[in-house]
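Asks: Order-wise, the sequence lines are chains F, X, L and R. When we follow this note's numbering, the leftmost residue of the first sequence carries the number 1, and every step to the right adds one. When we follow this note's numbering, the leftmost residue of the second sequence carries the number 1001, and every step to the right adds one. When we follow this note's numbering, the leftmost residue of the third sequence carries the number 2001, and every step to the right adds one. When we follow this note's numbering, the leftmost residue of the fourth sequence carries the number 3001, and every step to the right adds one. C-beta: ideal position from N, C-alpha, C; glycine also. All figures in this text were calculated on a predicted structure; none of them were measured in a lab.
4 protein chains.
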Amino acid sequence: MSAPGGSLLDPLGVTSDAEHLVGDDAWLRALVDAELALARALVAAGLAPQWMSGVCEAIADASSLDLAAITREARGGGNPVIPLVKHLAREAESVRSGASDHLHVGTTSQDILDTAAMLVATRSGKEVVEVLGRLGDTLAALAQEHRATAMAGRTLGQQATPTSFGLVAAGWLGAVTDARARLAGVVDSLPAQLGGAIGSQAVLTELARSRRPDAAADEVVATVTRAYAAELGLACPAQAWQTNRLPIVAAGDAFAAATEAVGRIALEVTVLARTEIAEVSERLGKGEGGSSAMPHKRNPVTAVLIVAAARRTPGLVATLHASMLAEDQRPSGAWHAEWEPLRELERLALTAAGAAASLATRLDVDAERMRANLELTDGLIFSEMATTVLAEALGKRAAFDLVEQSSREAAETRRPLRVVLSGRLSADGHDDMLRERVWDAFDPARNLGQANAIVAREVARHTGDDAAERQAKP
Amino acid sequence: MSAPGGSLLDPLGVTSDAEHLVGDDAWLRALVDAELALARALVAAGLAPQWMSGVCEAIADASSLDLAAITREARGGGNPVIPLVKHLAREAESVRSGASDHLHVGTTSQDILDTAAMLVATRSGKEVVEVLGRLGDTLAALAQEHRATAMAGRTLGQQATPTSFGLVAAGWLGAVTDARARLAGVVDSLPAQLGGAIGSQAVLTELARSRRPDAAADEVVATVTRAYAAELGLACPAQAWQTNRLPIVAAGDAFAAATEAVGRIALEVTVLARTEIAEVSERLGKGEGGSSAMPHKRNPVTAVLIVAAARRTPGLVATLHASMLAEDQRPSGAWHAEWEPLRELERLALTAAGAAASLATRLDVDAERMRANLELTDGLIFSEMATTVLAEALGKRAAFDLVEQSSREAAETRRPLRVVLSGRLSADGHDDMLRERVWDAFDPARNLGQANAIVAREVARHTGDDAAERQAKP
Amino acid sequence: MSAPGGSLLDPLGVTSDAEHLVGDDAWLRALVDAELALARALVAAGLAPQWMSGVCEAIADASSLDLAAITREARGGGNPVIPLVKHLAREAESVRSGASDHLHVGTTSQDILDTAAMLVATRSGKEVVEVLGRLGDTLAALAQEHRATAMAGRTLGQQATPTSFGLVAAGWLGAVTDARARLAGVVDSLPAQLGGAIGSQAVLTELARSRRPDAAADEVVATVTRAYAAELGLACPAQAWQTNRLPIVAAGDAFAAATEAVGRIALEVTVLARTEIAEVSERLGKGEGGSSAMPHKRNPVTAVLIVAAARRTPGLVATLHASMLAEDQRPSGAWHAEWEPLRELERLALTAAGAAASLATRLDVDAERMRANLELTDGLIFSEMATTVLAEALGKRAAFDLVEQSSREAAETRRPLRVVLSGRLSADGHDDMLRERVWDAFDPARNLGQANAIVAREVARHTGDDAAERQAKP
Amino acid sequence: MSAPGGSLLDPLGVTSDAEHLVGDDAWLRALVDAELALARALVAAGLAPQWMSGVCEAIADASSLDLAAITREARGGGNPVIPLVKHLAREAESVRSGASDHLHVGTTSQDILDTAAMLVATRSGKEVVEVLGRLGDTLAALAQEHRATAMAGRTLGQQATPTSFGLVAAGWLGAVTDARARLAGVVDSLPAQLGGAIGSQAVLTELARSRRPDAAADEVVATVTRAYAAELGLACPAQAWQTNRLPIVAAGDAFAAATEAVGRIALEVTVLARTEIAEVSERLGKGEGGSSAMPHKRNPVTAVLIVAAARRTPGLVATLHASMLAEDQRPSGAWHAEWEPLRELERLALTAAGAAASLATRLDVDAERMRANLELTDGLIFSEMATTVLAEALGKRAAFDLVEQSSREAAETRRPLRVVLSGRLSADGHDDMLRERVWDAFDPARNLGQANAIVAREVARHTGDDAAERQAKP
């Protein structure tokens, strides 16, 4: 939605590099890359002359094309490939007469546009994966640093049992690791498209018969497809997927999940930054977080904008899923309806992930306030652990009932739960040892369970993934 | 999504004026209009000096503002109003020192942004209404011209009973009239927003107390609100709707319905233009409808692109509905998530309606082919009318069974249904008069029912609405 | 989704009457009503014998039909009307031989099913309108009772400026009034459907010609349509809307908006009930709000379930909007895809509105805690009013800057803002009167602006609507 | 939506086993399985007595529980686990006193409900995978049988170039194979949930400390988690995913994609079955495909209902994606909003896949009609191949222009393209050999390109997957 330089209604986009990866320039580049990869694949398969490689090199720079004219002329055929081929042919002819004969051969607009879509998705997807990796680094550090920072765990908005901020951060980290792995997996498997008019590669087959009488036509065509995909770093599909839109849906879902995973972190920040909770805040730069009306305001503005981005993904994902219903060998609208929503999902993932990576480095964690909030309920938040300890002596049901009644009494009389419980246990004739053990249940550290183990596990998972991934790259 | 001049992935947008109505420039204009309307309303209510009217006039031209800078600076506060106020204040001060004291008074960013959203919606909505009116003119002419053009009615893809192209066009017209009325109704009732920080108009009330001690503060504030809304041509709300987002949802739904109503026409065109049906085609200009691979192709490219636009609205509508869940006195993300989807719904309605208005004038209707297709089933398509005629003599059940069996026999023996039926009736000893009456059932004209009455009704409804509406305008 | 008696996964549905209004029994009733209304309309127009009225009366009780069998047999034709007609015909014949000849005449399955859909929508819509009215009563009482109950207004999760709980409740009330008016308006205008096979009413026209040679066929058919609609209490459409699905979309949107309007109230309750805020709580009955693990838990369970209902509406609305793209004279899937989502939207509105009406009567409002929370920021929440007061003396910009700097100092030094401000004003040589006026800005009552006026306005709007509506009913 | 026995509005559900897999009974079974798996895992880890295994066995039959009561009581706590635990505890106590102490230990409602959701998803997912496998068998047979059945390929509704029905079926098969692999992959990796109140497993840790002083607590807890997951055949997660909802989204997406992949096949059937195309039809049983009004109608009713199912998935997927924004350690609504949409996505996949598997075995393919349709354009459909052949002699641009002009002339003069082309080539002085080669381009078989290779590839892919998968099962 944002033009280069940003849109008035997309504040997050302003500080993002998203447009370089998904804007019209990026798309034009990808379209040209697809066309030239095909020309080169024809050379590789002996269906075009060797000198065509030189021509490809000479015209490879998409920025020399007239984007505005191509955009304008796209109206006639309903997509930008038709005018692009004309512009590119003109350039090729200026390099060498007859060169245009070897451009856009055996293919159709959808091949080139779908392939370009996969290139743009791959390029922006890799960037999102990398940014999520950086975000993960910061979260891993936060998780380790705050391993012992006890805070209230909350369910349905109510203080539930204690947790640590380290565990909260490890939860965010785990989700980011999952979303990153999912996106990385999808991005690594996006297929090139090369089916020709209706998916049969009939023209390539005919050319193979006429130009490579020495070889089996099927083999020559397979070589073209493989070389084309390899040239672009895309997967080689079992067949054209012109009306099998799973790659689009898979990409859309993965970009959406990335945005949503960071959106959840941002949502939590907005909650924890609430004036009455105030456990976490977004460190603001000059001129940030202010209000036009209230001079004291310190709004968690980055977090809010990330949340907004994540609220926009579900509808866009729905549009892509709806395009799975693609009739004929190229559908009358379902295909065209995918272009902008997929681009928007990529854009949102890029801007939201980038903003989250920045936000994570600017989180102020107020351990003191966390501790103070833990005391707000005068011990009620320890009810589960108290029950657990008591159950060993009284049985589960009796323990639960005792703590439930004591909790109610504590709330009504505004006395600490541990005091009420202690009193009741005394009254019931229980020994000091039990009372002492129950007393211990009210120690936050006693309540952290597997928190540290989980932090360690998630940090390892983050690092390991990272390592594996770095290896995978050339 | 498309920048001025269009986006590579939005061919419809290229030939549309949508950007003038919903692009960043249009938004900036609306934001400035909102700010200045407030300043003028303050003057009207005696809360700002008279000379401020002149200042407003002097700085009313939004195009003199630095859009790029405002866009850039919007990041800090999370919306463009905060920097806009600074830029506008600077302009005001250059006109008259102290003037900025009377800008953005008693208001908050959301007031201005929401009001601007309503202005943009009103302006683009009125344009869509007008374009739908023009589309309706063409459809009304088509409906009247083709009143007697019989064609096959189809249900679940199967030829069902005859209809006329006039009735088909009247069906399109009726839907356009409905969508237009709905959008016109919504557009006429969109409210201004003026709640101040949390909806209480506390600052305005305070200013009324201090600057207009002569008057009841509540009345002064009410005057400000009314004058503000009136200045902008918007409705005056019962209270601020900062977290009651029905106006946004209503606008979004109405724009979506407009796009979808024309989308359905386009969808029907793609069906009727199928090579095997070929009853309707889109008259193509030079360079339109071609393919990069198949020289013979004449694609209904405008229809396809309109369908694509209409497939994108449901997801965007969903995002707006989700933002109804707005917590606090201004929510942390739900509000921000509305901006781009609403703009996109407006953009799609503008481009789709415009393209449909053009498409309707370029429809070639092949009455001969329609007649030929009517004969494809050798009379099966008249089965309902034959049953109706027979039921008068045989009873409904018996007539249905007879025609059902005859239909099966006709299909299997590849004989005309009327012949098979006639034979069976003879065999059963029915007289010639019945056979003759049944024979008449196979006349398409006999099958048109209320088609002409409906055409007349819809044309009147179209015209009447139109007249009423033109009156309503100043 | 919930069967009568409720579904395991729909706790809200258990205590709701929704199934009586939208379940299969309700639908069967509506389908029968539609069929019999048509038979009666035929009698009224002289196209069926008078005695048919008696037959209609005799078979009007849908509960005598075999719902399970009809459900089973619906598979063959793809909708339940086809078997229903057979079952109903059998009943009619058992009353009087030949009666079935006058059932399902001149109509098609879609007519009956669409009409039934509108009946179900009308009946459940009226119930939702009534329940929203009751909810409004409670909210109006809350708004009036808490007119002077000051509390913190919050934007982007941060304390912003003071408001009153009365104004908050008036905000909820206004949204409920709007959603109620919208739904009432839609419900009052839902059209009957009677187009016959492809919308031309060809069979009715033929019957009019043959059975009412005394009258103009068009007029007779118009009489049938009008009588049919009137019998059912539905609007009479300009033409059949078999592929113009605006009525479905309008109904779906209005039900969704109702759910979302109460969903927002519930969302606010979950926020205000947070342990750290604790300004509002849901009064829980025995066995409510508990946890399986934490004995102290008092979850706002009704509020949470209402929020969940409101999160499900956007996706369902999207599905209905997508069905606007309906090809042919009856589409191959778009129509069938509407049935369950529309029913689910009705069900959600019924259960959510009902639960909200109950929740509103069980809200505990803690005015003391609200007051305490107002003091949490040591005066920062009054920064806007302080600025307003100061601006009268210092000018707007200077006032804003002074309060902004003082706010920062107050936060850093943990001193009350009023003290810091006072000090700075003294240092700058301002007189006591200004300091005193600023001091007054920190009185919550001074900050309520139009809150009371708005409460009065919304209560009047609620009552007025109500009155008008009660009048409108017979 | 459909109760056991089906819903009136869900004709597809009637003949499906979906309810056995996703209905309330299935859910109750899964909830009990989860509770008992936990009890067994406690035994395995030495945290519960050995005799508890026997108790588990004794109470394992969920059908003895009072589903209606549990459903009713679910309202109080907001989910069915809270009453379930009580009912189950009662049963356990009746087997052995004290047994209930070892039920629902160290866990929370969400653990059990999420785990049950994963069980239901796994069980229904495996069924969908199997049904898709059967569908694939039929499609593979169709693809091979119709390898040489030439037909028109169509893009944007227009005849484009020839294809074979074998290739069309191979396209369907490929998409089914992909959707099946995706769903199988997801289903094999769905994780159990066991986090306790807020994800830290604090109670289990405490119990390990007190009951297994001999062992490291972390190790004991890890054993519990592993045993729990293993018992249920679910994956063991790195940590609880109570607010990391990727598993839900991944499952939802995969079910949706399965429905959409078969939905596309059905959509194509409705297109190819159009009266004017008539290349494929759905073989109808007695009482199927009829109309209540038109005796001749043979509607592709199964295909239509499958399309309808696939149009409902996008909105449901959107709802699940929206629930990724889950605040706190258990969110106030986002979690609860997932239950029904996920179940509906499973139900739709089960019914749509089952119906598609049936439909595929009932497809009548009319090769003769396909051939006749290929001739409709008098050779225009061969324009691409003619161009390809000519390009070898004339160059690409000149060939394209020549065929484009000839196509226009052919259409206008209603002469065969090959005749027009031949004439033009003669006039331009081209030799007979070229004319002959061009003439050959009009042979459909010459136009099939890689169709047969693709069929072979997809059949192998289908079979191979199948083999691998059967191996993978124990």
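Rounded to the nearest angstrom, what separates Thr-2177 (chain L) and Ala-1175 (chain X) at their Cα positions?
Replies: Position 177 of the third sequence, counted from the first residue, corresponds to residue 2177 (chain L). Position 175 of the second sequence, counted from the first residue, corresponds to residue 1175 (chain X). Approximately 29 Å between the Cα atoms of the pair.
Asks: How many Å lie between Ala-1227 (chain X) and Val-1081 (chain X) at the Cα?
Replies: Numbered from 1 along the second sequence, position 227 holds the residue referred to as residue 1227 (chain X). Numbered from 1 along the second sequence, position 81 holds the residue referred to as residue 1081 (chain X). Each residue's Cα considered, the two are about 21 Å apart.
Asks: How long is the line joining the alpha carbons of Glu-2340 (chain L) and Ile-3248 (chain R), rounded to whole angstroms?
Replies: Residue mapping note: residue 2340 (chain L) aligns to position 340 of the third sequence, counting from 1. Residue mapping note: residue 3248 (chain R) aligns to position 248 of the fourth sequence, counting from 1. Computed Cα separation, rounded: 22 Å.
Asks: With a CB to CB cut of under 6 Å and the five nearest residues on each side skipped, what residues in its chain are close to Ala-2273 (chain L)?
Replies: Position 273 of the third sequence, counted from the start, is the residue given in the question as residue 2273 (chain L). Val-2280, Ser-2281, Pro-2300, listed in sequence order.
Asks: How long is the line joining the alpha carbons of Leu-3132 (chain R) and Ala-229 (chain F), rounded to whole angstroms?
Replies: Reading the fourth sequence from its first residue, position 132 is the one you call residue 3132 (chain R). Reading the first sequence from its first residue, position 229 is the one you call residue 229 (chain F). For Leu-3132 (chain R) and Ala-229 (chain F), the distance between alpha carbons rounds to 29 Å.
Asks: Determine the DSSP secondary structure at Ser-332 (chain F), reduced to helix, strand or coil.
Replies: Against the first sequence, residue 332 (chain F) aligns to sequence position 332. Three-state result, Ser-332 (chain F): coil.
Asks: What residues in its chain sit with their C-beta under 6 Å from that of Gln-3471 (chain R), if we drop five residues either side in the sequence?
Replies: Position 471 of the fourth sequence, counted from the first residue, corresponds to residue 3471 (chain R). Residue placement at Gln-3471 (chain R) cannot be trusted, given a pLDDT of 45 that sits under 50; what the coordinates show is reported in the next sentence. So no residue of the chain qualifies.
Asks: Output the distance between the C-alpha atoms of His-1462 (chain X) and Ala-1258 (chain X), rounded to the nearest integer angstrom.
Replies: Here residue 1462 (chain X) refers to the residue found at position 462 of the second sequence. Here residue 1258 (chain X) refers to the residue found at position 258 of the second sequence. The straight-line gap from Cα to Cα measures roughly 15 Å.
Asks: How many angstroms separate the CA atom of Met-1 (chain F) from the CA atom of Ala-2034 (chain L)?
Replies: Numbered from its first residue, the first sequence carries residue 1 (chain F) at position 1. Numbered from its first residue, the third sequence carries residue 2034 (chain L) at position 34. Low local confidence applies: a pLDDT of 39 at Met-1 (chain F) is under 50, so the model's placement there is unreliable, with the coordinate-based value given in what follows. Going by the C-alpha atoms only, they are around 48 Å apart.
Asks: Let me see if you follow: with CB-CB separation under 7 Å, is Ser-164 (chain F) close to chain L or not?
Replies: Position 164 of the first sequence, counted from the start, is the residue given in the question as residue 164 (chain F). Output row for Ser-164 (chain F): interface = no.
Asks: If distances are taken between C-alpha atoms only, which option among F:Gly-6, F:Gly-153, F:Trp-51, F:Asn-447 comes closest to Glu-19 (chain F)?
Replies: The residue given as residue 19 (chain F) occupies position 19 in the first sequence. The shortest Cα separation from Glu-19 (chain F) among F:Gly-6, F:Gly-153, F:Trp-51, F:Asn-447 belongs to F:Gly-6.
Asks: Which residues does DSSP list as the beta-bridge partners of Arg-2154 (chain L)?
Replies: Here residue 2154 (chain L) refers to the residue found at position 154 when the third sequence is read from its first residue. Answer by DSSP bridge pairing, in chain order: L:Gln-2159.
Asks: Is Asp-2968 (chain R) helix, strand or coil by DSSP?
Replies: Lying before the first or after the last residue shown, residue 2968 (chain R) is absent from chain R, which here runs from 3001 to 3474.
Asks: Measure the C-alpha to C-alpha separation of Gly-196 (chain F) and Ser-1291 (chain X) and round it to an integer number of angstroms.
Replies: For the purposes of this step, residue 196 (chain F) is identified with residue 196 of the first sequence, where counting begins at 1. For the purposes of this step, residue 1291 (chain X) is identified with residue 291 of the second sequence, where counting begins at 1. One C-alpha to the other measures close to 12 Å.
Asks: In the DSSP assignment, what residue or residues form a beta bridge with Glu-3206 (chain R)?
Replies: One-based indexing of the fourth sequence puts residue 3206 (chain R) at position 206. DSSP, once it has assigned bridges, lists no residue as partnering Glu-3206 (chain R).
Asks: What are the boundary residues of the beta strand (DSSP E) that Ser-2281 (chain L) is part of?
Replies: Counting from one through the third sequence, the residue named residue 2281 (chain L) turns up at place 281. From DSSP, the beta strand (DSSP E) with Ser-2281 (chain L) extends over 2280-2282.
Asks: First and last residue of the beta strand (DSSP E) that includes Asp-3364 (chain R)?
Replies: The residue labelled residue 3364 (chain R) in the question sits at position 364 within the fourth sequence. It spans 3363-3365 - the beta strand (DSSP E) in which Asp-3364 (chain R) sits, taken as one unbroken run.
Asks: Per DSSP, Ala-235 (chain F) forms a beta bridge with which residues?
Replies: Position 235 of the first sequence, counting from 1, holds the residue named residue 235 (chain F). Paired residues: F:Pro-191.
Asks: What residue does the alpha helix (DSSP H) around Ile-3082 (chain R) start on, and which one ends it?
Replies: As a first step, residue 3082 (chain R) must be located in the fourth sequence, where it is residue number 82. Ile-3082 (chain R) -> alpha helix (DSSP H) spans 3081-3095.
Asks: Within the chosen definition, does the segment 3063-3081 of chain R reach the segment 3205-3225 of chain R through at least 3 CB pairs nearer than 8 Å?
Replies: Result no; under three Cβ-Cβ pairs closer than 8 Å.
Asks: Sorted by chain position, which residues of the same chain lie with C-beta nearer than 8 Å to Lys-3473 (chain R)'s C-beta, five sequence neighbours on each side aside?
Replies: The residue labelled residue 3473 (chain R) in the question sits at position 473 within the fourth sequence. Caution is warranted here: a pLDDT of 39 is assigned to Lys-3473 (chain R), below 50, making its placement in the model unreliable, and the coordinate value is therefore given only provisionally. Contacts found: none.
Asks: My assumption, with CB atoms under 8 Å, is that Trp-27 (chain F) sits in contact with Leu-1009 (chain X). Please give the rounded CB distance.
Replies: As a working note, residue 27 (chain F) is residue 27 in the first sequence. As a working note, residue 1009 (chain X) is residue 9 in the second sequence. Contact flag correct, Cβ pair sits at about 7 Å.
Asks: Which residues mark the beginning and the end of the alpha helix (DSSP H) in which Ala-3117 (chain R) is found?
Replies: Here residue 3117 (chain R) refers to the residue found at position 117 when the fourth sequence is read from its first residue. Here the alpha helix (DSSP H) through Ala-3117 (chain R) covers 3109-3145.
Asks: What residues in its chain sit with their C-beta under 7 Å from that of Leu-284 (chain F), if we drop five residues either side in the sequence?
Replies: What you label residue 284 (chain F) is simply residue 284 of the first sequence in a count that begins at 1. The residues are Arg-298.
Asks: Considering just the uninterrupted stretch of the alpha helix (DSSP H) at Ser-407 (chain F), what are its terminal residues?
Replies: Here residue 407 (chain F) refers to the residue found at position 407 when the first sequence is read from its first residue. Taken as a continuous stretch (DSSP letters only), the alpha helix (DSSP H) holding Ser-407 (chain F) covers 396-413.
Asks: When Cβ atoms are compared, which residues of the segment 3360-3382 of chain R fall closer than 9 Å to chain L?
Replies: From the segment 3360-3382 of chain R, no residue has a Cβ closer than 9 Å to chain L.
Asks: Is the Cβ-Cβ distance between Phe-2442 (chain L) and Leu-2345 (chain L) less than 7 Å?
Replies: As a first step, residue 2442 (chain L) must be located in the third sequence, where it is residue number 442. As a first step, residue 2345 (chain L) must be located in the third sequence, where it is residue number 345. No, the pair does not count as a contact, with Cβ atoms beyond the cut-off.
Asks: Between which two residues does the alpha helix (DSSP H) holding Phe-1442 (chain X) run?
Replies: Position 442 of the second sequence, counting from 1, holds the residue named residue 1442 (chain X). First-last for Phe-1442 (chain X): undefined, no H or E at that position.
Asks: Does any residue of chain R bring its CB to less than 7 Å from the CB of Asp-1328 (chain X)?
Replies: The residue given as residue 1328 (chain X) occupies position 328 in the second sequence. Judged by the 7 Å Cβ criterion, Asp-1328 (chain X) is not in contact with chain R.
Asks: Alpha carbon to alpha carbon, what distance is there between Arg-2312 (chain L) and Val-1365 (chain X)?
Replies: Numbered from 1 along the second sequence, position 365 holds the residue referred to as residue 1365 (chain X). Numbered from 1 along the third sequence, position 312 holds the residue referred to as residue 2312 (chain L). Between Val-1365 (chain X) and Arg-2312 (chain L), the C-alpha separation is close to 44 Å.
Asks: Can you look up Ser-1944 (chain L) in the DSSP assignment and give me helix, strand or coil?
Replies: No statement about residue 1944 (chain L) is possible, as the shown extent of chain L runs from 2001 to 2474 and does not include it.
Asks: So, with DSSP's three-state summary, where would you put Ser-164 (chain F)?
Replies: Residue mapping note: residue 164 (chain F) aligns to position 164 of the first sequence, counting from 1. Here Ser-164 (chain F) sits in strand by DSSP.
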